[in-house]
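Undergrad: Below you'll find the structure I mean.
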Amino acid sequence: MHTFEFVRPADQTAAIATAAQSKTAQQGADVRFLGGGTTLIDLMKLNVETPARVLDINRLPLDKIEATSDGGAKIGALVRNSDLANHAKIQKDYSVLSQALLQGASAQIRNMATVGGNLLQRTRCAYFRDTALVCNKREPGSGCPAITGHNRTLAILGASEHCIATNPSDMCVALAALEATVHVQGPKGSRAVAFGDFHLLPGTTPHRETVLEPGDLVTHVTLPPPIAGSKQLYLKLRDRASYEFALASTALVLTIASGKVTRARIALGGVGTKPWRSSEAEAALSGKPATDAIFRQAAEAALRDAKPQSENKFKIELAKRCMVHALRMATAS
Ligand SMILES: Cc1cc2nc3c(=O)[nH]c(=O)nc-3n(C[C@H](O)[C@H](O)[C@H](O)COP(=O)(O)OP(=O)(O)OC[C@H]3O[C@@H](n4cnc5c(N)ncnc54)[C@H](O)[C@@H]3O)c2cc1C
Ligand code: SF4
Numbered sequence: 001m002h003t004f005e006f007v008r009p010a011d012q013t014a015a016i017a018t019a020a021q022s023k024t025a026q027q028g029a030d031v032r033f034l035g036g037g038t039t040l041i042d043l044m045k046l047n048v049e050t051p052a053r054v055l056d057i058n059r060l061p062l063d064k065i066e067a068t069s070d071g072g073a074k075i076g077a078l079v080r081n082s083d084l085a086n087h088a089k090i091q092k093d094y095s096v097l098s099q100a101l102l103q104g105a106s107a108q109i110r111n112m113a114t115v116g117g118n119l120l121q122r123t124r125c126a127y128f129r130d131t132a133l134v135c136n137k138r139e140p141g142s143g144c145p146a147i148t149g150h151n152r153t154l155a156i157l158g159a160s161e162h163c164i165a166t167n168p169s170d171m172c173v174a175l176a177a178l179e180a181t182v183h184v185q186g187p188k189g190s191r192a193v194a195f196g197d198f199h200l201l202p203g204t205t206p207h208r209e210t211v212l213e214p215g216d217l218v219t220h221v222t223l224p225p226p227i228a229g230s231k232q233l234y235l236k237l238r239d240r241a242s243y244e245f246a247l248a249s250t251a252l253v254l255t256i257a258s259g260k261v262t263r264a265r266i267a268l269g270g271v272g273t274k275p276w277r278s279s280e281a282e283a284a285l286s287g288k289p290a291t292d293a294i295f296r297q298a299a300e301a302a303l304r305d306a307k308p309q310s311e312n313k314f315k316i317e318l319a320k321r322c323m324v325h326a327l328r329m330a331t332a333s
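Residue numbers 1 to 333, in the working numbering, belong to the letters of the sequence shown in order.
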């Protein structure tokens with residue numbers, strides 16, 4: 001039995017205090033905030049998530065996209081994915097984010113899905129979503145049938161012997177390349193978390209996916225000032241052209257001068273247990289000529305530590321080609 005409650009703007013602090021009574025902010029939380037519901041309600045229907053209380057935060061004033069004083073952007077946690085993708089400043093200064101969002105899900109889902117919910121969307125691993133089967137992420141210590149079972153779409157970077165699930169978000173791959181910051185309000189006050197520190201590797205605790213603690217409400221995300229003249233691109237490879245999660249994707253923010261890469265920020269999607277920023281690829285590109293040979297070296301560096309499962313060895317080459325092709329496309333004009 002679940003109760004659904006609306007949170008009025010005046011009750012934001014009280015709602016955080018209520019959620020803080022939960023034993024965890026991770027899998028199995030007793031109290032959940034509700035954004036667009038496109039992940040949470042699905043998982044409640046499947047009995048994967050069974051919160052006693054659902055706090056609907058849609059009335060909170062967290063739905064604005066604003067320019068910050070340093071020229072960056074502040075994006076409220078309740079901004080819908082479609083509004084973010086189509087916002088003039090985002091399209092102009094952070095086009096990789098707009099592109100990533102528009103390649104995710106469907107128009108209807110993007111109209112509902114919020115930035116906060118997208119940050120916290122759960123893996124699409126089939127075993128996680130089926131309560132008839134065991135899963136370490138759902139029930140710690142129960143086992144990971146994906147390792148010996150169907151794992152074609154699962155991770156090749158960042159996996160552990162306890163979980164090999166992929167982070168499915170497109171938006172988060174762009175936010176990793178843009179070096180975003182996630183802002184959280186919790187029972188002890190507000191804090192800012194660098195994007196790369198927000199999601200956790202599965203390690204021995206795959207049920208723990210982010211640094212959020214009980215009561216933590218994501219309030220907004222900030223983006224640093226745009227990089228003048230940068231080339232930005234999101235390339236997503238998947239089994240069908242729309243309404244499908246990535247098998248491999250690449251988000252790029254590149255600066256080129258006199259034929260050389262002067263600055264590179266690169267993240268990969270569809271292959272990691274978290275949105276995967278590749279410092280290896282960035283280092284391989286930095287200061288080097290923007291040529292196919294260098295692009296391939298960067299891709300080799302990014303996937304050097306990849307460990308395939310029984311069904312997804314193909315992802316290593318796919319992810320490399322995805323990155324090379326994205327680099328080619330971004331530098332072609
Ligand atoms: C059929 C289908 C196809 C999809 N395809 C793609 C795809 O190709 N690419 C892609 O990236 N995504 C895809 N998605 C996932 C979709 O992007 C997510 O479901 C969506 O972004 C989640 O946002 P939401 O607001 O609906 O989250 P909700 O369901 O409301 O919430 C998700 C989680 O976040 C928590 N939460 C929400 N807001 C906050 C907050 N402000 N603070 C703290 N906690 C919060 C909730 O408690 C819940 O645990 C797909 C989804 C579906 C159903
Ligand atoms: S990969 Fe992770 S989510 Fe999937 S069955 Fe294993 S533990 Fe569960």
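Glycine residues also receive a C-beta, built at the ideal position from the N, C-alpha and C atoms.
Within the present structure, is the beta-carbon of Lys-274 separated from the nearest heavy atom of ligand 2 by less than 7 angstroms?
TA: The count along the sequence shown starts at 1 and reaches residue 274 at position 274. The answer is no for Lys-274.
Undergrad: In this structure, does DSSP put His-325 in helix, strand or coil?
TA: As a working note, residue 325 is residue 325 in the sequence shown. Three-state result, His-325: helix.
Undergrad: Looking at the secondary structure, which residues open and close the beta strand (DSSP E) in which Phe-4 lies?
TA: The residue you call residue 4 lines up with position 4 of the sequence shown. Counting along the chain, the beta strand (DSSP E) containing Phe-4 begins and ends at 3 to 6.
Undergrad: Please go through the same chain and pick out, in chain order, the residues whose beta-carbon is closer than 6 angstroms to the beta-carbon of Thr-153, but skip the five residues on each side of it.
TA: Here residue 153 corresponds to residue number 153 of the sequence shown, with the count starting at 1. Nothing listed; no residue qualifies.
Undergrad: Give me whichever residues DSSP pairs with Asp-56 in a beta bridge.
TA: By one-based count along the sequence shown, residue 56 stands at place 56. Bridge partners of Asp-56: Phe-6, Leu-34.
Undergrad: Taking the straight line between their C-alpha atoms, what separation do you get for Ile-41 and Phe-4?
TA: The residue you call residue 41 lines up with position 41 of the sequence shown. The residue you call residue 4 lines up with position 4 of the sequence shown. Roughly 11 angstroms separates the two Cα atoms.
Undergrad: Taking 7 angstroms as the cut-off, is the beta-carbon of Asn-136 closer than that to any non-hydrogen atom of ligand 2?
TA: For the purposes of this step, residue 136 is taken as residue 136 along the sequence shown, with counting starting at 1. Yes; taking the cut-off as 7 angstroms, the Cβ of Asn-136 has a heavy atom of ligand 2 nearer than that.
Undergrad: Report yes or no: do the region 158 to 176 and the region 130 to 144 share at least 3 C-beta pairs separated by less than 8 angstroms?
TA: Touching, yes.
Undergrad: Whole beta strand (DSSP E) runs in the region 34 to 116 with 3 or more residues, listed along the chain?
TA: List check, beta strand (DSSP E) in window: 53 to 56, 65 to 67, 73 to 76.
Undergrad: Can you list the alpha helix (DSSP H) stretches of 4 or more residues lying completely in the region 273 to 312, in chain order?
TA: DSSP runs (the alpha helix (DSSP H)) wholly in the region 273 to 312: 279 to 285, 292 to 302.
Undergrad: Taking DSSP as the reference, what is the three-state secondary structure of Ala-228?
TA: The residue labelled residue 228 in the question sits at position 228 within the sequence shown. Reduced to three states, the DSSP call for Ala-228 is coil.
Undergrad: Which residues mark the beginning and the end of the alpha helix (DSSP H) in which Ile-16 is found?
TA: For the purposes of this step, residue 16 is taken as residue 16 along the sequence shown, with counting starting at 1. Here the alpha helix (DSSP H) through Ile-16 covers 12 to 19.
Undergrad: Please list, in chain order, all residues of the same chain as Asn-151 whose beta carbon is under 7 angstroms from its beta carbon, the five residues on each side excluded.
TA: Within the sequence shown, residue 151 is the residue found at index 151, counting from 1. The residues are Ile-164, Gln-309, Ser-310, Glu-311, Asn-312.
Undergrad: At the 8 angstroms Cβ level, is Thr-262 part of the contact set with chain B, yes or no?
TA: Any reference to chain B falls outside this structure, which holds one protein chain only.
Undergrad: Expressed to the nearest angstrom, what Euclidean distance is found between the alpha-carbon atoms of Ala-100 and Arg-53?
TA: One-based indexing of the sequence shown puts residue 100 at position 100. One-based indexing of the sequence shown puts residue 53 at position 53. Distance between the alpha carbons of Ala-100 and Arg-53: 32 angstroms.
Undergrad: By the three-class DSSP mapping on this structure, what secondary structure does Thr-166 have?
TA: For the purposes of this step, residue 166 is identified with residue 166 of the sequence shown, where counting begins at 1. Thr-166: coil per DSSP, three-state reduction.
Undergrad: Going straight from the alpha carbon of Arg-32 to that of Asp-197, what length do you get?
TA: For the purposes of this step, residue 32 is identified with residue 32 of the sequence shown, where counting begins at 1. For the purposes of this step, residue 197 is identified with residue 197 of the sequence shown, where counting begins at 1. Distance between the alpha carbons of Arg-32 and Asp-197 is about 22 angstroms.
Undergrad: Along the chain, where does the beta strand (DSSP E) that runs through Gly-28 open and close?
TA: For the purposes of this step, residue 28 is identified with residue 28 of the sequence shown, where counting begins at 1. Element bounds for Gly-28: n/a, residue is neither H nor E.
Undergrad: Taking Ala-174 as the reference, which of Pro-289, Thr-250, Thr-222 has the closest Cα?
TA: Taking the first residue of the sequence shown as position 1, residue 174 is located at position 174. Nearest of Pro-289, Thr-250, Thr-222 to Ala-174, Cα basis: Thr-250.
Undergrad: Taking the alpha carbon of Leu-201 as the reference point, which residue from Glu-209, Phe-195, Ala-194 has its own alpha carbon closest?
TA: Here residue 201 refers to the residue found at position 201 of the sequence shown. Per the Cα distances, Glu-209.
Undergrad: When you compare each of Ala-267, Ala-332, Lys-274, Ala-330 to Ala-301 by their alpha carbons, which one comes out closest?
TA: In the sequence shown, the residue the question calls residue 301 occupies position 301. Comparing Cα-Cα distances from Ala-301 to each of Ala-267, Ala-332, Lys-274, Ala-330, the minimum goes to Ala-267.
Undergrad: Over the uninterrupted alpha helix (DSSP H) stretch that includes Ala-132, give me the two end residues.
TA: Here residue 132 corresponds to residue number 132 of the sequence shown, with the count starting at 1. Careful: Ala-132 lies outside any alpha helix (DSSP H) and carries neither H nor E.
Undergrad: Check whether the region 214 to 227 and the region 73 to 93 are in contact - that is, three or more C-beta pairs closer than 8 angstroms.
TA: Yes: the two stretches touch, three or more of their Cβ pairs being nearer than 8 angstroms.
Undergrad: From which residue to which residue does the alpha helix (DSSP H) around Leu-175 run?
TA: Start at 1 with the first residue of the sequence shown, and residue 175 comes out as number 175. Leu-175 -> alpha helix (DSSP H) spans 171 to 177.
Undergrad: Inspect the beta-carbon positions of Arg-265 and Glu-280 and report whether they are closer than 8 angstroms.
TA: Here the question's residue 265 lines up with position 265 in the sequence shown. Here the question's residue 280 lines up with position 280 in the sequence shown. The answer is no: Cβ separation not under 8 angstroms.
Undergrad: Enumerate in chain order the residues of its own chain whose CB-to-CB distance from Arg-110 is below 8 angstroms, with the five nearest sequence positions on each side excluded.
TA: Taking the first residue of the sequence shown as position 1, residue 110 is located at position 110. Closer than 8 angstroms at the Cβ level, and outside the excluded window around Arg-110, lie Arg-80, Asn-81, Ser-82, Ala-85, Leu-101, Leu-102, Gly-104.
Undergrad: Within the same chain, show all residues whose beta-carbon is closer than 8 angstroms to that of Lys-89, passing over the 5 residues directly before and after it, in chain order.
TA: By 1-based counting over the sequence shown, the position of residue 89 is 89. Cβ within range, chain order: Ile-65, Ala-67, Ala-73.
Undergrad: Give me the Cα-Cα distance between Gly-269 and Asp-305, rounded to the nearest whole angstrom.
TA: Stepping through the sequence shown from its first residue, residue 269 is reached at position 269. Stepping through the sequence shown from its first residue, residue 305 is reached at position 305. Roughly 15 angstroms separates the two Cα atoms.
Undergrad: In terms of residue numbering, what span does the beta strand (DSSP E) encompassing Gly-269 cover?
TA: Here residue 269 is taken as the residue at index 269 of the sequence shown, counted from 1. Note, Gly-269: beta strand (DSSP E), 260 to 269.
Undergrad: Using only alpha-carbon positions, find the residue among Pro-225, Lys-236, Ala-10, Thr-181 that is nearest to Ile-57.
TA: By 1-based counting over the sequence shown, the position of residue 57 is 57. It is Ala-10.
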